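Inspection log for the structure reproduced underneath, given as structure tokens.
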Amino acid sequence: MGKNAEPLTESYFYILLCLYDGPSHGYGIMRRTLALSDGHVHIGSGTMYGATSNLMKKGWIQECHTPDADRRRLYRLTEAGRRVLLDEADRLRHLAAAADGIIGGEK
Amino acid sequence: MKNTKRRYTMYPAWEYRQEIADINALSDAGWQLQRGGCFRSVFYWDETARYRYALDYNNHIDDPARYRDTFAEQGWEFVSDTFNGWHFFRKRYDPSLPPEEYEIYTDEASVQEMAGRWSRLGYTLGAIELAVTLLNGLMALRLPSIMGIATTLACLLLGVVILTGAWRIRHPHVAGKPRKSLRWCFTTVFAILALGLLFGSLRYGASSSSEYVYDPSAPPWTWEMSVPLPDFYTLHVQVDAPAAVTVGIVKEFDEDDAAADADYEWHAYIRSVHGSQLDERMTMFLLPGRYTVITQYDPDTPEGTIGKFHLEVN
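Protein chains in written order, with the numbering used here: chain A, 25 to 131; chain B, -3 to 310.
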């Protein structure tokens, strides 16, 4: 998993995932997370601020602004963040494959 | 009907959920929070609106503008903050939206992170309180007094409550039935401190230094003291005299019987051996009344013997 020694929380994972194909703002990340998780994962404002602060401290995301006059606050994924996301996705795929190998599609 | 009202109440940090529930209930009743505070909150009347409030604890916001933007993006309106890092937000209540819409912390990790921020402060405050308890306790042991014992007990109680709260905020599932216990705690603390202050303010305390020349025909050196409330008192005696000396306290001293060689009924006393120096403390519990501190040479002391005395009662 590279520098990321521990598994990501759901919120951290979805924030990185939502930024994979381009910058987004907090509300956009929240809405997209809700959609990606079929409404299961809601990232509240307190969680969002704490998570984005921590992810910036780790150097996995960066703050940027829209080029228009509004200069809205956006977040974008860094190369380190992209690596962490890919590693985590790989880890999750392995976990899911292992689970499928034993329990198959049983729910 | 007044359009604003002030509410004086105190919620401990670990019961911030209860505070939010109470503010939400007031909003449903038409009272909207205008300014939240640790001890005093202000509400205004608007029965047309219903809000859901959120309370965040964050005393180290690295980017205040980004912090508020993050809340505003999800429809949270900033209400006010307190000097010690609590931030009130609100959002218009829409019954059709799921409850998660009104939560600002939505996963266990971030709930714990927020709780951890206060918990660290709570443990630090609790540890300081216990250190103060220890210092107070040591002082109360050295110079016992009702005030000293009261302060020590109050500090101990506060320290234990704060430490318990620091633990409870990280374990919200066990933090039930809290407000009564806190009120009981603060009532007890204030009662203990008020009692201690009363006793402390009425305490007798004085000191005196003198050279005392022995004269068998003269009465001994005496010092009147009045004790208004029962308490522990410490008599500190410092003597430098070439003869045996007794320093003590007599209750209901009769001046007519005073004599250098009288045999007093001592309430408590300290006696030096012949020709020595003395530096001793004696602690005793005194009931209300008039007492006399008597300094008396032994009867076989040569006339004209001079001693230096320093006495303190407190």
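Don't be surprised by glycine CBs; every beta carbon is placed ideally from N, CA and C.
Being a predicted model, the structure only gives us computed values, none of them experimental.
Distance from the CA atom of Gly155 (chain B) to the CA atom of Met6 (chain B), rounded to whole angstroms, is 17 Å. By the Cβ-count criterion, Asp45 (chain A) is exposed, with fewer than 16 other Cβ atoms from all chains shown falling within 10 Å of its own Cβ. In the DSSP annotation of this structure, the continuous segment of the beta strand (DSSP E) that includes Trp217 (chain B) starts and ends at Trp217 to Val223.
Listed by position along chain B, the residues whose Cβ is nearer than 8 Å to that of Tyr51 (chain A) are Glu69 and Gln70.
When C-beta distances to chain B are compared with 8 Å, the residues of the stretch 93 to 113 of chain A below that value are Arg97, in chain order. A straight line joining the alpha-carbon of Leu117 (chain B) with that of Leu231 (chain B) spans about 42 Å. Secondary structure note for Leu116 (chain A): its alpha helix (DSSP H) is the uninterrupted segment Glu103 to Ile127.
Restricted to the stretch 38 to 75 of chain B, the alpha helix (DSSP H) segments that are unbroken, complete and at least 4 residues in length are 60 to 69, listed in chain order. Counted as a single uninterrupted DSSP element, the stretch harbouring Met280 (chain B) is not any alpha helix (DSSP H) but the beta strand (DSSP E) occupying residues Gln273 to Leu282. Considering only A:Leu40, A:Val65, A:Phe37 and A:Pro47, the residue with the shortest C-alpha distance to Pro94 (chain B) is A:Val65. Boundaries of the beta strand (DSSP E) around Gly285 (chain B): Gly285 to Tyr293. Residue environment: Trp41 (chain B) is assigned as exposed (fewer than 16 neighbouring CB atoms within 10 Å of its CB, all protein chains considered). With the criterion set as a beta carbon lying under 7 Å from some beta carbon of chain A, the members of the stretch 88 to 122 of chain B are Glu96, Glu99, Ile100, Tyr101, Thr102, Asp103, Ala105, Ser106, Glu109 and Met110, in sequence order.
By the criterion of a C-beta distance shorter than 6 Å, Met143 (chain B) is surrounded in its chain by Gly192, Phe195 and Gly196, once the five residues flanking it on both sides are discounted.
Beta bridge pairing from DSSP links His83 (chain B) with B:Asp52 and B:Asp77. Chain A has a Cβ within less than 7 Å of the Cβ of Asp52 (chain B). Within the stretch 66 to 87 of chain A, contact with chain B at the beta-carbon level (separation under 8 Å) is assigned to His66, Ile67, Gly68, Ser69, Gly70, Thr71, Met72, Tyr73, Gly74, Ala75, Thr76, Ser77 and Glu87.
For the pair of segments examined, the stretch 279 to 289 of chain B was found to touch the stretch 244 to 254 of chain B: the number of CB pairs separated by less than 8 Å reaches three. For Thr230 (chain B), the uninterrupted beta strand (DSSP E) run begins and ends at Asp227 to Asp236, by DSSP.
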